[in-house]
Amino acid sequence: MRAVTTEATTYEPTIDRDVIQGIVDAFFGAFVAGPGCSERMDRLRALLIDRAVIVRTCGLEPAVMTVEEFIAPREALLTEGSLTDFREWPVEGRVEVFGDIAHWFGSYAKAGTQAGEPFTGRGMKTIQFVRTTDGWRISAAAWDDERDGLSLPSDAP
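Here you go:
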């Protein structure tokens, strides 16, 4: 693909996709129990626009959260000690970009030990992005996890 230039911005879809994938990796990489959690959460805060919207579904009434409503309880859980060896990671996904908007849609997995009991899980996340004067930032995210009656489709990204 060729780069398209306007007075304000050069659009380079391949570079944009790589940058966005790096943000996706950093988003998932923030959710690791143990040392460095505070720094990872600060990095995550910097990747989100101030008024980003985060939504958890998971078969429940959707929980709509602000940036701090999303990050603060997760940071506490990852540092207080009952959740150990935890991490989340993207399994497979796709990035689509048009001008100054983009999104990542894909599957993810998680594993850890909660109160001495090992667990694993999988789900799907969608993350929306906008190009700001400071570069690409997350404007919204939503997720749903596998549960009884809902499994990832065999062709899930």
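Okay, so the sequence shown: first residue is 1 according to UniProt numbering, each after it adds one. Where is the CB? At the ideal position from N, CA and C, for every residue including glycine.
Output the boundary residues of the beta strand (DSSP E) element that contains residue i.
i: E88; result: L83 to F98
i: A76; result: Taken as a continuous stretch (DSSP letters only), A76 belongs to no beta strand (DSSP E), being part of the alpha helix (DSSP H) at V67 to T79.
i: P118; result: E117 to T132
i: D145; result: G135 to D145
i: G106; result: I101 to Q114
Got a sec? Which residues, its chain only, sit under 6 Å from residue i by beta carbon, not counting five neighbours each side?
i: W104; result: V24, G93, V95 and I127
i: P62; result: V55
i: R87; result: V32
With a threshold of 7 Å on Cβ separation, who are the neighbours of residue i within its own chain once the five nearest residues in sequence on each side are excluded?
i: R74; result: F31
With a CB to CB cut of under 8 Å and the five nearest residues on each side skipped, what residues in its chain are close to residue i?
i: I138; result: I23, F27, L47, L48, I49, A52, I127, Q128 and F129
To the nearest whole angstrom, what separates the beta carbons of residue i and residue j, a pair I think is in contact under 8 Å?
i: L152; j: R122; result: 6 Å
Pull the bridge partners of residue i from the DSSP assignment, please.
i: I54; result: M65 and A141
Going along the chain, which unbroken runs of the alpha helix (DSSP H) with 4 or more residues stay wholly within the region 5-47? Counting whole runs of 4 or more residues, the region 5-47 contains the alpha helix (DSSP H) stretches 13-29 and 37-47.
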